[in-house]
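Inspection log for the structure reproduced underneath, given as structure tokens.
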Amino acid sequence: METFQEQLAQRLSQALAKSGLPNVGELSQAADGRFGDYQTSAAMVLAKQRGENPRQIAEKILANIDVDLIAEKPTVAGAGFINFKLRPEAIAKQAGDLLGDERLGVARSTSPRKIVVDFGSPNVAKPMHIGHIRSTVLGDALARIAKFLGHDVVRDNHIGDWGTQFGMVIWGWKNLLDRQALARDPIAELVRIYKETNERATKDETIREACRQELVKLQAGDEENFSIWKQAADLSMAEFAKTYALLDIHYDFQHGESFYNDQLPGVVDRLLKSGIAEVSEGAVVVFFKDDVDLADKPAIIRKKDGGFNYATSDIATVEYRINELKRDTLWYVVGAPQTLHFKQIFAIARREGFDVDLRHIPFGNILGEDRKLMKTRSGENVPLQDVLEEAIERVRKIVDEKNPDMPNEEKIDIARKIGIGAVKYADLSQYRMTDYIFSWDRMLALHGNTAPYLQNAYVRIRSIFRKAGAARSTIDKIDIVEPAEINLAKKLAQFAEIVPQVLNDFRPNILANYLFELANSFHAFYEACPVLQSEESTRTSRLALCELTARVLQRGLNLLGIEVPERM
RNA sequence: GCGCCCGUAGCUCAGCCGGAUAGAGCAUCGGAUUUCUAAUCCGACGGUCGGGUGUUCGAGUCACCCCGGGCGCGCCA
Numbered sequence: 000m001e002t003f004q005e006q007l008a009q010r011l012s013q014a015l016a017k018s019g020l021p022n023v024g025e026l027s028q029a030a031d032g033r034f035g036d037y038q039t040s041a042a043m044v045l046a047k048q049r050g051e052n053p054r055q056i057a058e059k060i061l062a063n064i065d066v067d068l069i070a071e072k073p074t075v076a077g078a079g080f081i082n083f084k085l086r087p088e089a090i091a092k093q094a095g096d097l098l099g100d101e102r103l104g105v106a107r108s109t110s111p112r113k114i115v116v117d118f119g120s121p122n123v124a125k126p127m128h129i130g131h132i133r134s135t136v137l138g139d140a141l142a143r144i145a146k147f148l149g150h151d152v153v154r155d156n157h158i159g160d161w162g163t164q165f166g167m168v169i170w171g172w173k174n175l176l177d178r179q180a181l182a183r184d185p186i187a188e189l190v191r192i193y194k195e196t197n198e199r200a201t202k203d204e205t206i207r208e209a210c211r212q213e214l215v216k217l218q219a220g221d222e223e224n225f226s227i228w229k230q231a232a233d234l235s236m237a238e239f240a241k242t243y244a245l246l247d248i249h250y251d252f253q254h255g256e257s258f259y260n261d262q263l264p265g266v267v268d269r270l271l272k273s274g275i276a277e278v279s280e281g282a283v284v285v286f287f288k289d290d291v292d293l294a295d296k297p298a299i300i301r302k303k304d305g306g307f308n309y310a311t312s313d314i315a316t317v318e319y320r321i322n323e324l325k326r327d328t329l330w331y332v333v334g335a336p337q338t339l340h341f342k343q344i345f346a347i348a349r350r351e352g353f354d355v356d357l358r359h360i361p362f363g364n365i366l367g368e369d370r371k372l373m374k375t376r377s378g379e380n381v382p383l384q385d386v387l388e389e390a391i392e393r394v395r396k397i398v399d400e401k402n403p404d405m406p407n408e409e410k411i412d413i414a415r416k417i418g419i420g421a422v423k424y425a426d427l428s429q430y431r432m433t434d435y436i437f438s439w440d441r442m443l444a445l446h447g448n449t450a451p452y453l454q455n456a457y458v459r460i461r462s463i464f465r466k467a468g469a470a471r472s473t474i475d476k477i478d479i480v481e482p483a484e485i486n487l488a489k490k491l492a493q494f495a496e497i498v499p500q501v502l503n504d505f506r507p508n509i510l511a512n513y514l515f516e517l518a519n520s521f522h523a524f525y526e527a528c529p530v531l532q533s534e535e536s537t538r539t540s541r542l543a544l545c546e547l548t549a550r551v552l553q554r555g556l557n558l559l560g561i562e563v564p565e566r567m
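Just so we're aligned, residue 0 is where the first sequence starts under numbering that gives the first Met the number 0, counting upward by one.
As structure tokens, then:
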């Protein structure tokens, strides 16, 4: 099925052709409901091109346009806008069609891509902290949306499991490890030995040197050191898995940096041979002299000491994803500070001749209420697990107050769905580049643009169906008359127009804001239009509207990675 | 020094390729419930879109300059 936007755009194209005018100008949702439902500035664009009067051109277009089945007679307004107002019958019919469509009107992409979404990327031997939530939640949502739109999506967690810090971890493991503590809380113990080793190393040159030697041995394939590294990595991954389970986040691959180790010498050789890289001051470096942005920002791909760094493994990663995974699109959901790094990696990939779509999807920081990077009172990173658990606890308290008689198991389930949903939604409802200020009160607020507010709309609908004694509505015909019904049905029809827009610029907040407006329209409808008490035909029609709203809310939240409870 | 991002109501934020009188939420104030979950709804108050210049029929949006904040720039990841 087609959206109203598509239908009207098609009619507009036909009218332009019939008027002997080129097909220009876009047709969009009206900026302001007072102007109607859709608008186009085609006449103004044409007037500018041809030096004619925009309102006259608009009249000419209107003389040739036929939208009778969908909209009232279009009008010219302002400087030359053409406004369309949908007919209630058309809205009702569209809503009825949506009821019969599993995809709620959302079309599959006509040009499906084979995508890797690279997101999450925690570091081994360190706890996941609040800073990881954005990449994780944003990447997950984008992957879900891309998949729903018909793309072939692979989710890859590029774990930070290699690097110079392992010299210290291994030294600490050999000299300071408390096995019992490791069994109790592996990451905490790994952090402890790392920190203590680091402290000693800054004071004591011999320890510093010992750490370096441990690293050299690890990179040379020393059996004992490799085994220690492996244990540390496995223990960390097991901890991450718990957090991912709580977040309902799943990966197809978790290829850490170490996965690419054996490919690094080959990468450097190839780049040297092809002349992309050169030796400079003992290191192997790629210069970008013909690129104004990168002219004075070379990338090092092999250090003076022969070691490789993360630029090297990221190049190997690009090659692997294209050649082995057969992907044509790579999305990197990684913080804004790494913009330069990805510019370099992508520039190198282009020089190697890869013709693929490479995107860095950056995002801003999470700040505390003091507007500085969010830290604990003692200045540490805030562990993600603690945040999630606190969110759940806070919701649990509210559930206990509101629904003391609910079975404990259901309370646990609800607290998780709302608590986790609130944390995710707080992040996703905001434009990804703006630093966002973490606030429990705002996140879990029962009013306003929050996950609980959206979940509540769904819950109210489910409650209606429980009272009605039906799981869902049985009819597929919708009649609408009340303004609140019309508003709601229009909103429902917009879902299919909104979802694809998210991928234009990787902005799930567009979808979040839409869902908020939908919930808002539903609540208004709920107040104004009794469902179960109303007379037949109206009753079934309103039930159908409720059903459709519930499905759009559930699907929309699902695309954001958020679950809905049946009661709350 | 070079580069990137951000600056919109008291607070937190929307506003994708430039489109009409700049929108929400929170807070404040005023209303609404014998009715399907008040975890709700309706209304009011609130703005030199950091400043300036320019491009344009039209600029919060584009270009340039400046101010403020954050971040990144050869051997960490």
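Cβ coordinates follow ideal geometry from the N, Cα and C atoms, glycine included.
Report back the beta-carbon spacing between Q454 and G420 to the nearest angstrom; my notes put them in contact at under 8 Å. 6 Å
For A89, collect the residues of the same chain with a Cβ closer than 6 Å to its Cβ; drop the 5 residues on either side in sequence, then sort them by chain order. Within the same chain, A89 has close Cβ partners I69.
Within 10 angstroms of the Cβ of M432, are there 16 or more other Cβ atoms? Answer buried if so, exposed if not. exposed
Taking the alpha-carbon positions, what's the D399 to K410 distance? 8 Å
Check whether the Cβ atoms of A200 and I206 sit closer than 7 Å, and answer yes or no. yes
Under 7 Å Cβ to Cβ from K490, same chain only, skipping five residues before and after it: list those, please. E516, L517, S520
Using the C-alpha atoms, what's the distance from Q212 back to S120? 27 Å
DSSP on S279, reduced to helix/strand/coil? strand
Given the structure, does E534 come close to the ligand GDP, in the sense that its CB is under 6 Å from one of the ligand's heavy atoms? Judged by which ligands are present, the structure shown has none, so any question about the ligand GDP falls away.
Distance, G220 Cα to A180 Cα: C-alpha of A180 to C-alpha of G220: approximately 28 Å in a straight line.
For V168, does the count of other Cβ atoms within 10 angstroms reach 16, so buried, or fall short, so exposed? buried
Tell me the residue span of the beta strand (DSSP E) that contains L26. 26–28
Run of the beta strand (DSSP E) containing V152, from where it starts to where it stops: Segment 151–155, the beta strand (DSSP E) holding V152.
Within the continuous alpha helix (DSSP H) that includes I132, where are the two ends? Run containing I132: 131–147, per the alpha helix (DSSP H) assignment.
Nearest-angstrom Cβ-Cβ length linking W330 and R358, presumed shorter than 8 Å: 5 Å
Check for me: the alpha helix (DSSP H) holding T39 runs from which residue to which? It is not in any alpha helix (DSSP H) - T39 instead sits in the beta strand (DSSP E) that spans 37–39.
C-beta atoms of R269 and V283 nearer than 7 Å: no
Cβ distance (whole Å) where A310 is taken to contact A294 below 8 Å: That belief does not hold up - the Cβ atoms of A310 and A294 are roughly 17 Å apart, past 8 Å.
Please work out which residues of its chain come closer than 8 Å, Cβ to Cβ, to S18, disregarding the five sequence neighbours upstream and downstream, and give them in chain order. K59, I60, A62, N63
Residues that R566 bridges to, as DSSP identifies them: Partner(s): none; R566 has no beta bridge.
Would you call the CB atoms of K296 and G281 closer than 7 Å? no
Within its chain, find whatever has a CB closer than 6 Å to the CB of E565; leave out the 5 residues flanking it on each side and keep chain order. R461
With a threshold of 16 other CB atoms inside 10 Å of the CB of L85, please say whether the residue is buried or exposed. Residue environment for L85: buried (at least 16 other C-beta atoms within 10 angstroms of its C-beta).
With distances taken from CA atoms, which of V386, P361, Y435 is nearest M127? V386
What number of angstroms, rounded off, separates the C-alpha of K568 from the C-alpha of V116? Absent from the model: residue 568. The displayed extent of the chain is 0 to 567, so no value can be given.
Determine, using beta carbons only, whether A29 and G35 come nearer to each other than 7 Å. yes
Just checking my contact of F494 with V105 at CB under 8 Å: how many whole Å lie between their CB atoms? 7 Å
Could you pull out every unbroken alpha helix (DSSP H) segment of at least 4 residues lying fully inside the region 430–471, listed in chain order? 439–442, 450–467
Tell me whether P111 sits in a helix, a strand or coil according to DSSP, three-state version. coil
So I169 is in the alpha helix (DSSP H); what residue range does that whole segment cover? 164–175
Just verifying my parser: in three-state terms, what is the DSSP assignment at W330? strand
Do H157 and R606 count as a contact pair if the criterion is CB distance below 7 Å? Any property of residue 606 remains undetermined from this structure, which presents the chain solely from 0 to 567.
Under a three-way DSSP split, which group does N82 fall into? strand
Use the C-beta contact count for G305: other C-beta atoms within 10 angstroms, 16 or more gives buried, fewer gives exposed. exposed
Proximal residues to Q253 (C-beta, below 8 Å), its chain only, five neighbours per side dropped: D155, N156, I158, M236
Would you mind stating whether A425 and R395 have Cβ atoms separated by less than 7 Å? Not closer than 7 Å, so no.
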